[in-house]
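Trainee: Quick mapping for you: the protein sequence lines, in order, are chains L and D. 1 is the number of the first residue of the first sequence in the working numbering; add one for each residue after it. 1001 is the number of the first residue of the second sequence in the working numbering; add one for each residue after it. Even for Gly, the Cβ is constructed at its ideal location relative to N, Cα and C. I am attaching a structure below and will ask some questions about it afterwards.
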Amino acid sequence: MGKRNKIYLILYALGIFVIPVFLRNNYHLMVLNVTALNIVVVIGLNLLIGYAGQISLGHAAFFGLGAYLSGILTTTYGFPVGPTMILAVLITGTVAYVIGIPTLKLEGHYLVMATLGFNIIVYIMMIQLDRVTGGPSGFAGIPPLRIGGFVFNSDRKIYYLFWTISVGVLLLSLNLIRSRVGRAMAALSHNEVAAKCAGIDTEKYKINLFACSAALASLAGSLYAHYITFISPGTFSIFYSLQIVTMVLVGGMGSLWGSVFGAFLLTLLPEFLHGVKDFSVLIHGLVLMGVLVFFPQGLFPGILQAWMRRRESVQAETAGGKGT
Amino acid sequence: MSLASMVLQFIISGLTSGSTYALIAIGFSIIHNATGIVNFAQGEFVMLGGIGMISFYSFAKVPMLLAFFLTVFSVAVVGFLLERGPIRHAKSKEILVLVMITVGASIVIKGLSMVFWGKNPMTFPPFSGETPLLFLGAVVMPQSLWIFGITVSVVVALHYKYRRTMTGKAMRAVAASRRSALLIGIPVDRMILLSFTLSGSLGAVAGIILTPMTTASYDMGVMLGVKGFSAAILGGYGSMPGAVVGGLLLGVMESLAAGLISSEYKDALAFLLLLLVLFFRPSGLLGMGRLRRV
């Protein structure tokens, strides 16, 4: 991780952990807690989109698998919370791996459709297997998170836990993209054939990235289930997958800080648009399309670039002014 | 009802829905061949076809035949605008970006339809009554015959267009190699525009003929889109006969699975097939096997 990133990360973490001191409203804390989880999912997905050049429209399903596996195993079968989360992550990762093997070998965008289809199937199963999942009315009574004797039973306690995890995932990902693996991934995203010629097993990297990305979504899903203690299929529909993809693209493919920005923006935006709930789908579509048409590299990097260019041109002008 | 006639019944209803999958799959193939992208708005074209027909025929009381052509034209215009607007003006021509733009477009179309037409499913009466016909002990709805008939005529017309007309040949040239087509003076941009317009009208036809059998609602597009895509993969992505075979096969298998096994997981089957095909024969049943692995 570069020196600059280190400083940004420290400032970011400080900011994050100071915020709750000023927040008295539990609802605000809850929105921020959900943001923390979204950041985890978005960073995971961005590693896939930005570095493997593949899009998944099924991350809601992986998020949902984590949530339902954790919820059902702990509540119905009395499994312990912590190990179950790890089990859920492993199962979801394996499922993703199996989907990835055939689809990621092919050139083109088969993964998009395969994951979209997968999302629909998981959603149907959540509703149809009602004896296990509670069906359309949802699954309630999930135990809260606990570490040893400490129970995370308030929004404030959860805040510190989730944001520690969220900042941790960001830190790990920032490190990852500067490692050997990260450089291989970057090569892969620029030119797959060239990367292959350089001896990078691109297929393996793509499949592993996809599995890891799904595993992160599953982790976030498990945490979500134990936090809200109630889950229902509606949360895990394709719309959530699209929201996550929009967050990645708004933040910029391959830009991890952009992902943080995108997750914040699009999680908080609906809170300000409460009056127009029916339009939320439409607004998401317009944002997605607009950003892609005008800022294909992402809204955040796009604005940043425009600003830098302007500053440069201003500097050039003033320098030119001095010369004359 | 004996098992044989039951199976026949399922096959007939499977061929009915399969015909619409085939039309959707052809729409996917046309745009794929011209541009190399997967057009996620294909399912929304179908939805617009269904809802558009209801608006013209049931709400505006336009005569049926005129309403049919008005709907097809309007949805073709939507396809036209999709290409002329976001796809053409996209700053990045990367496939990934273009594919996601169509995803965005499909959400926008869906969102707008929800605002305009509401969330309730709607329908309009079948083209020629609801008196069922009997065929070897199986019941055939007159609408099914319309669906077969219209699908067959569309496929024949398309085949003629692609094989015999200059425009069709130009479109095939673009599909074979975009660069060579450009070099010999084919207006590639116009061909791409045409392929979007054509896909829009095909989607509309599928939506119109399907709606009296099911219903139309703003959120029907995704499911039909995924099924059409699965059908296209099953038959061989980008191949026109493959799209037809894949669509009919998917429809029949789905209907048999729903009738003989369980109807709750009917929608899951299309996806399962999609994955199996990708696993074992990614070029599809009629594919040339020239699918490139990276």
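1) Name, please, each residue of chain L whose Cβ falls closer than 7 angstroms to the Cβ of Ile-1296 (chain D).
2) Considering only residues of the same chain and omitting the five flanking positions on each side of Ser-241 (chain L), which have a CB-CB separation below 7 angstroms?
3) With a cut-off of 9 angstroms, does the C-beta of Val-1294 (chain D) fall near any C-beta of chain L?
4) For Tyr-227 (chain L), is the classification buried or exposed, using 16 other Cβ atoms within 10 angstroms of its Cβ as the cut-off for buried?
5) Which residues mark the beginning and the end of the alpha helix (DSSP H) in which Leu-104 (chain L) is found?
6) Could you please give the first and the last residue of the uninterrupted alpha helix (DSSP H) stretch that includes Leu-1133 (chain D)?
7) Taking the beta strand (DSSP E) that Ala-1138 (chain D) falls in, what are its first and last residues?
8) Quick check: what's the CA-CA separation for Phe-1135 (chain D) versus Met-1240 (chain D)?
9) Evaluate His-284 (chain L) with the Cβ neighbour count: other Cβ atoms within 10 Å of its Cβ, from every protein chain shown; 16 or more gives buried, anything less gives exposed.
10) Below 8 angstroms, how does it come out for the stretch 1026 to 1045 of chain D and the stretch 1252 to 1267 of chain D: are there three or more Cβ pairs, yes or no?
11) Can you find the residues in the same chain that come closer than 6 angstroms, C-beta to C-beta, to Met-1220 (chain D), ignoring five residues on each side of it along the sequence?
12) Please report how far the alpha carbon of Gly-323 (chain L) lies from the alpha carbon of Thr-1035 (chain D), in whole angstroms.
13) Would you please state the rounded distance, in angstroms, between the beta carbons of Ala-1204 (chain D) and Gly-1052 (chain D)? I believe it to be under 8 angstroms.
14) Does Val-1075 (chain D) get closer than 9 angstroms to chain L when you measure Cβ to Cβ?
15) Using beta carbons (cut-off 9 angstroms, strictly below), is Phe-1080 (chain D) in contact with chain L?
16) Can you name the start and end residues of the alpha helix (DSSP H) that Ile-1031 (chain D) belongs to?
17) Using a Cβ-Cβ cut-off of 9 angstroms, state whether Ser-1019 (chain D) counts as contacting chain L.
18) So for Phe-230 (chain L), helix, strand or coil by DSSP?
19) Between Thr-324 (chain L) and chain D, is the shortest Cβ-Cβ distance under 9 angstroms, so that the two count as touching?
20) Does the separation of the CB atoms of Cys-212 (chain L) and Gly-64 (chain L) fall below 9 angstroms?
21) Against chain D, with Cβ distances strictly below 9 angstroms, would Met-253 (chain L) count as a contact?
22) Going by C-alpha distance, which of D:Ile-1087, D:Phe-1148, D:Gly-1043, D:His-1089 is nearest Phe-1127 (chain D)?
23) To which residues does DSSP link Phe-150 (chain L) through a beta bridge?
24) How would you label Asp-155 (chain L), buried or exposed, when you count the other beta carbons within 10 angstroms and need 16 or more for buried?
Mentor: On the basis of the supplied data:
1) Chain D is shown only over 1001 to 1294; residue 1296 (chain D) falls outside these bounds and no answer can be derived.
2) What you label residue 241 (chain L) is simply residue 241 of the first sequence in a count that begins at 1. Excluding positions up to five away in sequence, the list reads Leu-57, Gly-58, His-59, Ala-60, Asn-119.
3) Along the second sequence, read from residue 1 onward, the residue named residue 1294 (chain D) stands at position 294. Here Val-1294 (chain D) scores only 44 on pLDDT, less than 50, and its place in the model is too uncertain to base an answer on.
4) One-based indexing of the first sequence puts residue 227 (chain L) at position 227. Under this definition Tyr-227 (chain L) is a buried residue.
5) Position 104 of the first sequence, counting from 1, holds the residue named residue 104 (chain L). Per DSSP, Leu-104 (chain L) belongs to the alpha helix (DSSP H) from 81 to 104.
6) Here residue 1133 (chain D) refers to the residue found at position 133 when the second sequence is read from its first residue. Residue range 1133 to 1135 is occupied by the beta strand (DSSP E) that includes Leu-1133 (chain D), with no alpha helix (DSSP H) assigned at that position.
7) By 1-based counting over the second sequence, the position of residue 1138 (chain D) is 138. DSSP places Ala-1138 (chain D) inside the beta strand (DSSP E), whose first and last residues are 1138 to 1140.
8) On the second sequence, residue 1135 (chain D) is found 135 positions in, with the first residue counted as 1. On the second sequence, residue 1240 (chain D) is found 240 positions in, with the first residue counted as 1. Here the alpha carbons of Met-1240 (chain D) and Phe-1135 (chain D) stand approximately 30 angstroms from one another.
9) Counting from one through the first sequence, the residue named residue 284 (chain L) turns up at place 284. With 16 or more Cβ atoms within 10 Å of its Cβ, His-284 (chain L) is classed as buried.
10) Contact between the stretch 1026 to 1045 of chain D and the stretch 1252 to 1267 of chain D is absent, because fewer than three Cβ pairs lie under 8 angstroms.
11) If you number the second sequence from 1, residue 1220 (chain D) lands on position 220. Cβ within range, chain order: Met-1047.
12) On the first sequence, position 323 is the one that residue 323 (chain L) refers to. On the second sequence, position 35 is the one that residue 1035 (chain D) refers to. Because Gly-323 (chain L) carries a pLDDT of 45, less than 50, the predicted location of this residue cannot be relied on, and no value is offered for it.
13) Within the second sequence, numbered from 1, the residue matching residue 1204 (chain D) stands at position 204. Within the second sequence, numbered from 1, the residue matching residue 1052 (chain D) stands at position 52. A Cβ-Cβ separation of about 7 angstroms places Ala-1204 (chain D) in contact with Gly-1052 (chain D) under the 8 angstroms criterion.
14) The residue labelled residue 1075 (chain D) in the question sits at position 75 within the second sequence. So, not an interface residue.
15) Numbered from its first residue, the second sequence carries residue 1080 (chain D) at position 80. Not one chain L Cβ lies under 9 angstroms of Phe-1080 (chain D).
16) Taking the first residue of the second sequence as 1, we reach residue 1031 (chain D) at position 31. Element bounds for Ile-1031 (chain D): 1003 to 1035.
17) Taking the second sequence and counting its residues from 1, one reaches residue 1019 (chain D) at position 19. At least 9 angstroms separates the CB of Ser-1019 (chain D) from every CB of chain L.
18) Your numbering for residue 230 (chain L) matches position 230 in the first sequence. Strand at Phe-230 (chain L).
19) Position 324 of the first sequence, counted from the first residue, corresponds to residue 324 (chain L). Here the model assigns Thr-324 (chain L) a pLDDT of 44, short of 50, so the residue's position is not dependable, and the following value carries that caveat. With 9 angstroms as the cut-off, Thr-324 (chain L) does not count as an interface residue toward chain D.
20) By 1-based counting over the first sequence, the position of residue 212 (chain L) is 212. By 1-based counting over the first sequence, the position of residue 64 (chain L) is 64. Taking 9 angstroms as the Cβ cut-off, Cys-212 (chain L) and Gly-64 (chain L) do not qualify as a contacting pair.
21) Indexing the first sequence from 1 puts residue 253 (chain L) at position 253. Using a CB distance cut-off of 9 angstroms, Met-253 (chain L) counts as an interface residue toward chain D.
22) Residue mapping note: residue 1127 (chain D) aligns to position 127 of the second sequence, counting from 1. Restricting attention to D:Ile-1087, D:Phe-1148, D:Gly-1043, D:His-1089, the CA atom closest to the CA of Phe-1127 (chain D) is found in D:Phe-1148.
23) The residue you call residue 150 (chain L) lines up with position 150 of the first sequence. Paired residue(s): L:Ile-147.
24) To locate residue 155 (chain L), count along the first sequence from 1; it is residue 155. Buried, by the Cβ-count rule.
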